[in-house]
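Residue 5 is where the sequence shown starts when you use my numbering, and the numbers rise one by one after that.
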Amino acid sequence: MTKAEIITEISSKTGIEKVDVQETVEAFFKVVKSSMVGGENVYVRGFGSFVVKKRAKKTARNISKNTAIIIPEHFVPSFKPAKTFVEKVKTGNKTSK
């Protein structure tokens, strides 16, 4: 499902104009992104957590040049679904495409 499909579905279920739904969805993503860039985690009860994970410094290999590369410590965004969300997905009806 794409962002456009999500916006269309929310609009049809709530009766709110698509433009207003799009602004709201965009604002939600902007808040999540800016919070995570600032090092904050975002928790949505019953859905999941958007968390910033720290990756340690490590040594990797460039196999084409056969040299060692040091990858510095860095942060990556991650999503951890809530237990209730995971259970609903496990027990939900799945249709194969």
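Ideal Cβ placement from N, Cα and C applies to all residues, glycine included.
Just so it is clear, the structure is predicted and the values come from calculations on it, not from any experiment.
DSSP state of residue i mapped onto helix, strand, coil
i: Ser68; result: coil
i: Phe51; result: coil
i: Lys17; result: helix
i: Lys58; result: strand
i: Lys22; result: helix
i: Lys98; result: coil
i: Thr63; result: strand
N- and C-terminal bounds of the alpha helix (DSSP H) containing residue i
i: Lys87; result: Lys87 to Thr95
Close beta carbons around residue i, own chain, < 6 Å, minus the five adjacent residues each side
i: Lys58; result: Phe79
i: Asn66; result: Ile73
Cβ-based neighbour list, residue i, same chain, cut-off 8 Å, excluding 5 preceding and 5 following
i: Lys22; result: Ile11, Thr12 and Ser15
Classification of residue i by the beta-carbon crowding that lies within 10 angstroms, buried from 16 upward
i: Val35; result: exposed
i: Val111; result: Any question about residue 111 goes unanswered here, given that the chain covers just 5 to 101.
i: Val93; result: exposed
i: Val41; result: exposed
Sequence-distant residues of its chain with Cβ nearer than 7 Å to residue i (five each side left out)
i: Val56; result: Met40, Gly43, Asn45, Phe79 and Pro81
Determine, using beta-carbon pairs with one atom in the region 83 to 92 and one in the region 61 to 75, whether at least three such pairs fall under 8 Å. Using a C-beta cut-off of 8 Å, the region 83 to 92 makes no contact with the region 61 to 75, since fewer than three inter-stretch Cβ pairs fall below that distance.
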